[in-house]
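*Asks:* Residues 1 to 256, numbered by UniProt numbering, are exactly what the sequence shown covers, in order. Cβ coordinates follow ideal geometry from the N, Cα and C atoms, glycine included. None of the values given here were measured: they were computed from a predicted structure. Sharing a structure below in structure tokens format, with a few things to ask.
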Amino acid sequence: MPIRPHVLLETNYRRLREEPPNVAVLPWGATEAHNYHLPYGTDVMEATHIAERGASLAGGQGGKVIVLPTIPFGNDSQQLDQVATISISTTTALAILRDVCHSLTTQGIDRLVIVNAHGGNQFQPMVRDLMAEFPLLIVVANFFQLAPEVHQSVFDEPGDHADEMETSLLLHLEPELVELEHAGSGERRPFDIAALRRPGVWTPRPWAHCHPDTGSGDPSRATAEKGQQYFAAVTQALADVLADLSKASKGDLPYV
1 MPIRPHVLLE TNYRRLREEP PNVAVLPWGA TEAHNYHLPY GTDVMEATHI
51 AERGASLAGG QGGKVIVLPT IPFGNDSQQL DQVATISIST TTALAILRDV
101 CHSLTTQGID RLVIVNAHGG NQFQPMVRDL MAEFPLLIVV ANFFQLAPEV
151 HQSVFDEPGD HADEMETSLL LHLEPELVEL EHAGSGERRP FDIAALRRPG
201 VWTPRPWAHC HPDTGSGDPS RATAEKGQQY FAAVTQALAD VLADLSKASK
251 GDLPYV
């Protein structure tokens with residue numbers, strides 16, 4: 001397999017010295033149960049594939065982008081009763097992100113895009129703090145929000161975890177790891193307390209109670225073709241973001 005110069009784990013120091021990147025991409029996933037049919041590494045695989053493909057497309061648009069190794073753990077504190085789910089705290093995530101920011105700015109890379117694949121990862125407060133601490137433009141790209149029109153047109157069933165969308169993506173990206181014949185229904189039980197069902201009110205879902213098979217959304221109508229269509233839309237949207245950021249100049253608000 002040829003070296004992909006936009007993937008840090010594959011490229012080398014000579015290449016990066018000759019063509020230094022100005023945008024770093026940090027894929028961030030989670031290690032958690034995804035219903036009975038998807039692998040624990042679903043979010044890690046999604047973040048990695050999308051970041052790498054998006055960076056490749058951005059390179060074709062003139063972007064100077066490098067994809068860092070994927071962070072495989074996220075905040076899953078409400079799912080620790082599910083065997084082998086690994087959760088890291090917000091303070092741990094902040095420490096990791098701070099060290100990445102320190103490393104990049106020391107080397108002169110001043111733009112960082114976090115490609116997030118896990119809904120439990122909330123980066124906004126961290127980004128506010130770190131952008132006040134480092135001369136770095138930090139952008140969060142939740143892949144599942146990058147192509148809303150395509151999402152709405154391609155998928156029939158609502159959901160947000162091991163649902164039709166995620167199952168379709170994995171059928172396209174890693175089909176040998178999907179056991180769709182074992183999938184649960186992805187039942188979503190509402191909170192018993194009426195106050196918690198009101199608009200604008202939020203508390204973490206006790207996952208085992210709300211989602212008995214750990215899924216949220218019916219995956220039964222998933223297909224590899226739907227996954228391919230959505231993957232193409234999401235990665236092109238990400239590529240446009242990466243290329244635009246790479247071409248930006250200091251002084252272009254908010255990049256100062």
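Taking the straight line between their C-alpha atoms, what separation do you get for Gly59 and Ala208?
*Replies:* 43 angstroms
*Asks:* Buried or exposed, going by whether 16 or more other CB atoms sit within 10 Å of the CB of His34?
*Replies:* buried
*Asks:* How would you call Leu242, buried or exposed, if buried means at least 16 neighbouring beta carbons within 10 angstroms?
*Replies:* buried
*Asks:* Give every residue of the same chain whose Cβ lies closer than 7 angstroms to the Cβ of Asp160, excluding the five residues on either side of it in the sequence, and list them in chain order.
*Replies:* Closer than 7 angstroms at Cβ, skipping near neighbours: Gly119, Ser216, Gly217.
*Asks:* By Cβ distance below 7 angstroms, which residues in the same chain neighbour Glu164 in space, the five residues on each side in sequence not counted?
*Replies:* Phe155, Asp156, Glu157, Gly217, Asp218, Pro219, Arg221, Ala222
*Asks:* By DSSP, does Ala95 sit in helix, in strand, or in coil?
*Replies:* helix
*Asks:* Verify whether the separation of the beta carbon atoms of Ala24 and Leu112 is less than 7 angstroms.
*Replies:* yes
*Asks:* Between which two residues does the alpha helix (DSSP H) carrying Ile71 extend?
*Replies:* Taken as a continuous stretch (DSSP letters only), Ile71 belongs to no alpha helix (DSSP H), as it is neither H nor E.
*Asks:* Let me confirm a value: residue 260 is counted as buried when at least 16 other C-beta atoms fall within 10 Å, else exposed. Which label applies?
*Replies:* In the structure displayed, the chain extends from 1 to 256; residue 260 sits before or after that span and is not available.
*Asks:* So what's Trp202 in DSSP terms, helix, strand or just coil?
*Replies:* coil
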